[in-house]
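J.:
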Amino acid sequence: MLLFPKTGIVFTKAVRDEVAARLKITDPPTLKSVDALRNIYKQTTLDVASKLDQLLVIDKKRRMHIGKGGETQDVQDGQHLLAALDILLEANKVMVVAGKNTATGRVQPNGAVAAALFMDVLNRVKKVPVLVSDEINYKLTRCLLTPINPQCARYAAHETFHAVNGELVRQLADAIQTHQPDAAIFIGIPGRNSVKNYVDGSGNHLEEFNVAFDQALELCHRVELPTIAICSDASHAGMANISFSSKEEKNDTARTIMGAQCTVFAEDVAMGAVALSELIARAYLEDSICDAAGLEELIKSANKKTEDAAFKARQVRHTFRHRHQKEAPPTAMKPDSYVTKLKEFKQAIDKGELVWAQDGVEHFRAYGPEVKYLVLYDSSDGALIAMKDFLGYLNARSPFVFDTTIVTDHAKASYGDRGCELFTVVVDGIHYAAKLNADGIVMLCNTACSKSLQKAIEIVRLKLGKDIPVEVINLIETTAEAIVKYGGECPVILSTQGTAENGAYQAAVENAAKKLGVPVPKLTVVACGDRKNPLYNGFDLARIINEGYLENPNSNNGMMSLNAMRHYCSHVPVNATAVFMCCTHFPALRDQIAKIIGEYWAPLGRTGQVPLIDPVKYQADKTAHFLVTSVSEKKREHRQPLADNKHFLPKVEVHTTTGNTDKVRNAVNKYSKDMDVLNEYLKADISNVEDFSDEDNAQHGTEKPPKAPDNETEGIRVTRVHFEKVPLKELAAAVGVNEFGDEIKKDESVPAS
Numbered sequence: 001m002l003l004f005p006k007t008g009i010v011f012t013k014a015v016r017d018e019v020a021a022r023l024k025i026t027d028p029p030t031l032k033s034v035d036a037l038r039n040i041y042k043q044t045t046l047d048v049a050s051k052l053d054q055l056l057v058i059d060k061k062r063r064m065h066i067g068k069g070g071e072t073q074d075v076q077d078g079q080h081l082l083a084a085l086d087i088l089l090e091a092n093k094v095m096v097v098a099g100k101n102t103a104t105g106r107v108q109p110n111g112a113v114a115a116a117l118f119m120d121v122l123n124r125v126k127k128v129p130v131l132v133s134d135e136i137n138y139k140l141t142r143c144l145l146t147p148i149n150p151q152c153a154r155y156a157a158h159e160t161f162h163a164v165n166g167e168l169v170r171q172l173a174d175a176i177q178t179h180q181p182d183a184a185i186f187i188g189i190p191g192r193n194s195v196k197n198y199v200d201g202s203g204n205h206l207e208e209f210n211v212a213f214d215q216a217l218e219l220c221h222r223v224e225l226p227t228i229a230i231c232s233d234a235s236h237a238g239m240a241n242i243s244f245s246s247k248e249e250k251n252d253t254a255r256t257i258m259g260a261q262c263t264v265f266a267e268d269v270a271m272g273a274v275a276l277s278e279l280i281a282r283a284y285l286e287d288s289i290c291d292a293a294g295l296e297e298l299i300k301s302a303n304k305k306t307e308d309a310a311f312k313a314r315q316v317r318h319t320f321r322h323r324h325q326k327e328a329p330p331t332a333m334k335p336d337s338y339v340t341k342l343k344e345f346k347q348a349i350d351k352g353e354l355v356w357a358q359d360g361v362e363h364f365r366a367y368g369p370e371v372k373y374l375v376l377y378d379s380s381d382g383a384l385i386a387m388k389d390f391l392g393y394l395n396a397r398s399p400f401v402f403d404t405t406i407v408t409d410h411a412k413a414s415y416g417d418r419g420c421e422l423f424t425v426v427v428d429g430i431h432y433a434a435k436l437n438a439d440g441i442v443m444l445c446n447t448a449c450s451k452s453l454q455k456a457i458e459i460v461r462l463k464l465g466k467d468i469p470v471e472v473i474n475l476i477e478t479t480a481e482a483i484v485k486y487g488g489e490c491p492v493i494l495s496t497q498g499t500a501e502n503g504a505y506q507a508a509v510e511n512a513a514k515k516l517g518v519p520v521p522k523l524t525v526v527a528c529g530d531r532k533n534p535l536y537n538g539f540d541l542a543r544i545i546n547e548g549y550l551e552n553p554n555s556n557n558g559m560m561s562l563n564a565m566r567h568y569c570s571h572v573p574v575n576a577t578a579v580f581m582c583c584t585h586f587p588a589l590r591d592q593i594a595k596i597i598g599e600y601w602a603p604l605g606r607t608g609q610v611p612l613i614d615p616v617k618y619q620a621d622k623t624a625h626f627l628v629t630s631v632s633e634k635k636r637e638h639r640q641p642l643a644d645n646k647h648f649l650p651k652v653e654v655h656t657t658t659g660n661t662d663k664v665r666n667a668v669n670k671y672s673k674d675m676d677v678l679n680e681y682l683k684a685d686i687s688n689v690e691d692f693s694d695e696d697n698a699q700h701g702t703e704k705p706p707k708a709p710d711n712e713t714e715g716i717r718v719t720r721v722h723f724e725k726v727p728l729k730e731l732a733a734a735v736g737v738n739e740f741g742d743e744i745k746k747d748e749s750v751p752a753s
C-alpha cells in the first residue's frame, strides 16, 4: 500500500464495511464562501465565473437552489464553479470518475466527452489525472482522448471496476489509497436515491449496468477529500439539496441523496466540463484548451461510437426487468449547440479577466511544474528500449518535468555474464551515476539489482560522503511488489540467466508478500539464457537484442536466435496467470515472445492473448511516488508561470562506457525512432544524435562529468564516459560484505588493503 505523507489517506475495514452497507451519508467538506473567494480572486474573476455559470443552463426555471433552511436562492452565481476551479488549482493529482449507461447498458456519450476533456486539460497543465470508470466508458474515453492527447491516452493512470457491494467498496478504497488524489471530479454518475436505488431522470432503474461509483464519493467525504460534481439532472450524484420548479424534477424517487462540495450544474455534463476546462486552461496557459472544430469532431466521434452495439456495458448485477421502462437510445449530443456554447464561453472570458488578488497568491497558483533530474541506469540497450515508455508513464503520472541522463555500461554488457565481478561493476556504475547529483537514480537493469544492491548503495554513500545523497529506486523490489499485487496465483518471470540463478526475485517476492500480508504466489522463473548448452550459449535473449540478430532472421545468427527463443518460451507453463518481462531488453521482442508462447499454449487448450507485462510502468509509478514524497534539497530551476514556460525543453542525454560508438549511436536512433514522448517534450529531431565527445575519457569517471546540453540542444547527446574504480575491500568490509558482495561471516577475516 502506498501512502503519501502529505495526505495519508487510509480506510479502515470498519469504514469500508459501513460504506458498503450504506448506513449513512457523510456531508462533504464545507464549500468555500464567496467572501473567502474574494480574498483570493479579483471581482473580475468572480464576474467571469458567474457569467459562465449563467450560460451553462438554458432553462432558467432549472436554476433554483433550495437551501437547508428552506430559503430559495439562485445557485448559478459562479460560487460553485469558481470554488471548483480553486480546488483544481490547489491539487496536483485529480481522480476523474465518469461513466453512466442507459437502463440496458448503452453508454451515454456526454460523460466520456467530459472525461476526455478533463484528462486532456489536467495533463497539459502538468497535473496528474487518474481516470476511474467501468470498462466500456474507459474504452470510449480513451478512444476520444487519443487523437487530442495520445500521450495522456496511452500513459495516464486508470482504474476500471466491475464489482458490487463490499467488494466494490474495497476496490475503490484501495484505488484511492494507492493514488492518493488531492481532489476528485464526479461526472454525471448515478446517485442513490432515498430508497437506495439508482434511477435516471425518467425513472428508469440503472442498477443493472452501472457501477455504484457514488460510493467513491462517500469514501472521499469520509477522509474530507475535496469533491466536484458535474451534473445535469437531479439523479446525478452531487445534486443533494438542489431543487427545481418543474414537477418531474421534484420527484423524490428520482432525486439523489448524495452531495458534493462543489456542484457545477449544466444543461449537459460535457458543457460543464468545457466551461471548467476553459477556466483551467486560461489560468495556467492564458490560452484556450480546445477550439470549436476540435470540440465538434470530438462530439461527432462520441455519437458515432455509441451507436455501435460493441459499446455496451457488461451486466453488473441482475435486476427485475419490469423495473425498467422501454429502452431509449443514448441521448445524442448536438455538436452545433456545443460549439455555439464554447464560443459564448470564450467571449465571456475574453471580456473579463481571470486574475488573482494581489496578496501573494501568485507565488503558488498557476505556476509551472518543478524540474527534476533523473539518472536511468542500465547495462546496455535496456534503458534505451525502456526510455520511451518510462518517460511516457512518468510524465503522465507525476506533476514534474524531467531532465534525464541515461547511463549505460555497454563496455561490460551483458551483466549476466559478469559472474562474481557483477557486484564490483555495479558499485562503479552507481558511483558514477551518483556523482551526477540527480534527484534519483532509477535502476532499469534487473541483473544489476540482483546482487546485494543495498550494500552497493551503502558503499557508494561511504565513498562520496554526506554531501552527495544517493537515492536509488530498486527495480526488483518494485516488480516483486507488482507481481504479488497483480500477478495472480501463478506468475511467471522471464529474466536473464544470472538473475534467475541468484534467487533475487524469489526472495523479493516472498518479502513483498510478507509485507503486504498475503500468501506467496507460486512463482516460476524462466532463464532466457543457457550458457551450459552449446546450442544456446551466446544466444541469450538480451544478447540477441543487443546484437540485432533478428534483424536478419534468415541468417545463421537469426535462425539460432529464433531457436533459442523457442527453447526459452517453451518453459512458460500453460497455467501462467501473468508473464513479467524482467529484463528491460525483452519488450523489444514483445510481439515475438507472445507469438511463440501462444504457439506452445494452443495445443494445450489455451488460446487468446498472452498476459505479458512490462514492469517499467510500475517503476515509473514508484519513481513518481518517491519524487512526490521526498523533500529534495537540490535547487533546480526556479518555477515560472506555466503560461510563460509552456515550451520548456527537457534534456535527454546518454552516457555510455563503450568504445563502439557506431553501435550505441545506432541503438539510440533505433529505439528513439517515432518516440512521441520525446517529440512532445523535446520539440526536437530526436534522430539527430550528436557525435561522441572527444574529451579525455578518464576525466568523465572522476571529478568532471560531461556538461549537460542546453535546453535549446536538439536531439539526444551521446557521450563516451569512464567509470572510476571504487576501492572495495575496506569499504565493503565496513558494510559487512566482501568485494564480491557476499555477506562476511563472523569467523571470516578481511585482509587489510
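Numbering of the sequence shown is given in the UniProt record's numbering, commencing with residue 1 and proceeding in unit increments.
Idealized CB from N, CA, C, for every residue including glycine.
Note that the structure is a prediction, hence the values are computed from the model and not measured.
1) Return the chain-ordered list of same chain residues with a C-beta closer than 8 Å to the C-beta of ARG222, the five sequence neighbours on each side being excluded.
2) Pair every Cβ in the stretch 459–473 with every Cβ in the stretch 492–511, then say whether three or more of these pairs are closer than 8 Å.
3) Give every residue of the same chain whose Cβ lies closer than 6 Å to the Cβ of LEU3, excluding the five residues on either side of it in the sequence, and list them in chain order.
4) Excluding the five sequence neighbours on either side, which residues of its own chain have a C-beta within less than 7 Å of the C-beta of LYS522, listed in chain order?
5) Between the alpha carbons of PRO150 and LYS42, how many angstroms are there, rounded?
6) Below 7 Å CB to CB, which residues in the same chain sit around LYS745 once its five sequence neighbours on both sides are set aside?
7) Suppose you measure from the CA of ALA175 to the CA of GLU159; what does that come to, to the nearest Å?
8) For VAL274, tell me which candidate among ARG22, SER202, ALA49, PHE311 has the shortest Cα-Cα distance.
9) Check MET565 in the structure and name its three-state DSSP category.
10) Could you give the distance in angstroms between the alpha-carbon of LEU436 and the alpha-carbon of VAL375?
11) For the stretch 435–516, list the alpha helix (DSSP H) runs that are entirely contained and at least 4 residues long, ordered along the chain.
12) I'd like to check one pair, MET443 with GLN619: are the Cβ atoms closer than 9 Å?
13) Going straight from the alpha carbon of PHE586 to that of MET119, what length do you get?
14) Apart from the five residues just before and just after ASN101, which ones in its own chain have a Cβ nearer than 6 Å to its Cβ?
15) Rounded to whole angstroms, what is the Cα-Cα separation between ALA412 and VAL652?
16) What residue range does the beta strand (DSSP E) around GLU370 cover?
17) Classify GLU207 as buried or exposed, calling it buried when 16 or more other Cβ atoms lie within 10 Å of its own Cβ.
18) Which two residues bound the contiguous beta strand (DSSP E) that contains ALA254?
19) Does the distance from the C-beta atom of ALA234 to that of LEU217 stay below 9 Å?
20) Is ILE9 helix, strand or coil by DSSP?
21) With a CB to CB cut of under 8 Å and the five nearest residues on each side skipped, what residues in its chain are close to MET258?
22) Under the rule that 16 or more other beta-carbon atoms within 10 Å means buried, what is GLU90, buried or exposed?
23) So, with DSSP's three-state summary, where would you put PHE265?
24) Check each candidate in VAL572, ILE545, SER570 and name the one with the smallest Cα separation from SER561.
25) Between the beta-carbon of LEU56 and the beta-carbon of GLY352, is there less than 9 Å?
26) What would DSSP say about SER133, mapped onto helix, strand or coil?
27) Relative to the C-alpha of THR227, which residue among ASN303, MET95, LYS622 is closest?
28) LYS126 to ILE148, Cα distance in whole Å?
29) In angstroms, rounded to a whole number, what distance separates the CA positions of LYS388 and ALA667?
30) Between ILE299 and the rest of its own chain, which residues show a CB-CB distance below 7 Å, the 5 nearest in sequence each way excluded?
31) Buried or exposed: where does CYS449 fall if 16 or more other Cβ atoms within 10 Å of its Cβ makes it buried?
32) Between THR658, ASP200, ALA434, which has its C-alpha nearest ASP409's C-alpha?
33) Out of LYS305, ASP381, VAL484, VAL460, which one is the CA nearest neighbour of TYR415?
34) Based on DSSP bridge pairs, tell me the residues matched to PHE580.
35) Can you find the residues in the same chain that come closer than 8 Å, C-beta to C-beta, to GLY736, ignoring five residues on each side of it along the sequence?
36) Taking three-plus beta-carbon pairs below 8 Å as touching, is the stretch 568–585 in contact with the stretch 383–398?
T.: So, from the listed chains and residues:
1) Against the sequence shown, residue 222 aligns to sequence position 222. PHE11, VAL15, VAL19, THR26.
2) Proximity of the stretch 459–473 to the stretch 492–511 falls short of the contact definition, fewer than three beta-carbon pairs being nearer than 8 Å.
3) Position 3 of the sequence shown, counted from the first residue, corresponds to residue 3. Because the pLDDT of LEU3 is 34, which lies under 50, any placement of that residue in the model is unreliable, and the question is left without a value.
4) The residue you call residue 522 lines up with position 522 of the sequence shown. So the list reads GLU489, CYS490, once near-sequence residues are dropped.
5) Residue mapping note: residue 150 aligns to position 150 of the sequence shown, counting from 1. Residue mapping note: residue 42 aligns to position 42 of the sequence shown, counting from 1. Approximately 36 Å, taken between the alpha carbons.
6) For this step, residue 745 is matched to residue 745 along the sequence shown. In its chain, beyond the 5 residues on either side, no residue has a beta carbon closer than 7 Å to the beta carbon of LYS745.
7) Locating residue 175 in the sequence shown gives position 175, counting from the first residue. Locating residue 159 in the sequence shown gives position 159, counting from the first residue. Distance between the alpha carbons of ALA175 and GLU159: 7 Å.
8) Start at 1 with the first residue of the sequence shown, and residue 274 comes out as number 274. Per the Cα distances, ALA49.
9) Reading the sequence shown from its first residue, position 565 is the one you call residue 565. Residue state, collapsed to three classes: helix.
10) Residue mapping note: residue 436 aligns to position 436 of the sequence shown, counting from 1. Residue mapping note: residue 375 aligns to position 375 of the sequence shown, counting from 1. Near 8 Å, if we compare the C-alpha coordinates of VAL375 and LEU436.
11) 446–449, 453–464, 475–486, 497–502, 504–516
12) Residue 619 sits at position 619 when you count from the first residue of the sequence shown. Residue 443 sits at position 443 when you count from the first residue of the sequence shown. Yes; because the gap between Cβ atoms is below 9 Å, this pair is in contact.
13) Taking the sequence shown and counting its residues from 1, one reaches residue 586 at position 586. Taking the sequence shown and counting its residues from 1, one reaches residue 119 at position 119. Going from the Cα of PHE586 to the Cα of MET119 covers about 31 Å.
14) As a working mapping, residue 101 is identified with position 101 in the sequence shown. Closer than 6 Å at the Cβ level, and outside the excluded window around ASN101, lie VAL107, PHE209, ASN210, ALA313.
15) For this step, residue 412 is matched to residue 412 along the sequence shown. For this step, residue 652 is matched to residue 652 along the sequence shown. Correcting the residue identity first, residue 412 is Lys in this sequence and not Ala. Taking the straight line from one Cα to the other gives about 23 Å.
16) As a position in the sequence shown, residue 370 is number 370, starting the count at 1. Counting along the chain, GLU370 sits inside the beta strand (DSSP E) bounded by residues 370–378.
17) Along the sequence shown, read from residue 1 onward, the residue named residue 207 stands at position 207. That one is buried.
18) Working through the sequence shown from its first residue, we reach residue 254 at position 254. Where ALA254 is concerned, there is no enclosing beta strand (DSSP E), given that its DSSP letter is neither H nor E.
19) On the sequence shown, residue 234 is found 234 positions in, with the first residue counted as 1. On the sequence shown, residue 217 is found 217 positions in, with the first residue counted as 1. Not closer than 9 Å, so no.
20) The residue given as residue 9 occupies position 9 in the sequence shown. The answer is coil: DSSP assigns ILE9 none of H, G, I, E or B.
21) By one-based count along the sequence shown, residue 258 stands at place 258. Result list for MET258: ILE25, GLY191, ARG192, ASP214, LEU217, GLU218, ALA237, GLY238, MET239, ALA240, in chain order.
22) Within the sequence shown, the letter at position 90 stands for residue 90. With a threshold of 16 other beta carbon atoms within 10 Å, GLU90 falls short and is exposed.
23) Start at 1 with the first residue of the sequence shown, and residue 265 comes out as number 265. DSSP places PHE265 in strand when its eight states are reduced to three.
24) Within the sequence shown, residue 561 is the residue found at index 561, counting from 1. The option with the nearest alpha carbon to SER561 is ILE545.
25) Translated into positions along the sequence shown, residue 56 becomes position 56. Translated into positions along the sequence shown, residue 352 becomes position 352. No; because the gap between Cβ atoms is not below 9 Å, this pair is not in contact.
26) Residue 133 sits at position 133 when you count from the first residue of the sequence shown. SER133 falls in the strand class under three-state DSSP.
27) Locating residue 227 in the sequence shown gives position 227, counting from the first residue. Among ASN303, MET95, LYS622, the Cα nearest to that of THR227 belongs to MET95.
28) Within the sequence shown, the letter at position 126 stands for residue 126. Within the sequence shown, the letter at position 148 stands for residue 148. Between LYS126 and ILE148, the C-alpha separation is close to 16 Å.
29) The residue given as residue 388 occupies position 388 in the sequence shown. The residue given as residue 667 occupies position 667 in the sequence shown. About 13 Å.
30) Position 299 of the sequence shown, counted from the start, is the residue given in the question as residue 299. So the list reads VAL113, MET333, PRO335, TYR338, once near-sequence residues are dropped.
31) The residue labelled residue 449 in the question sits at position 449 within the sequence shown. CYS449 is buried by the Cβ-count criterion.
32) Within the sequence shown, numbered from 1, the residue matching residue 409 stands at position 409. Considering only alpha carbons, the answer is THR658.
33) Your numbering for residue 415 matches position 415 in the sequence shown. The residue with the shortest Cα to Cα distance from TYR415 is ASP381.
34) Numbered from its first residue, the sequence shown carries residue 580 at position 580. PHE580 is bridged to ILE493, ILE613.
35) Your numbering for residue 736 matches position 736 in the sequence shown. The answer, listed in chain order, is LYS455, GLU743, ILE744.
36) In this structure the stretch 568–585 touches the stretch 383–398; the number of beta carbon pairs closer than 8 Å is three or more.
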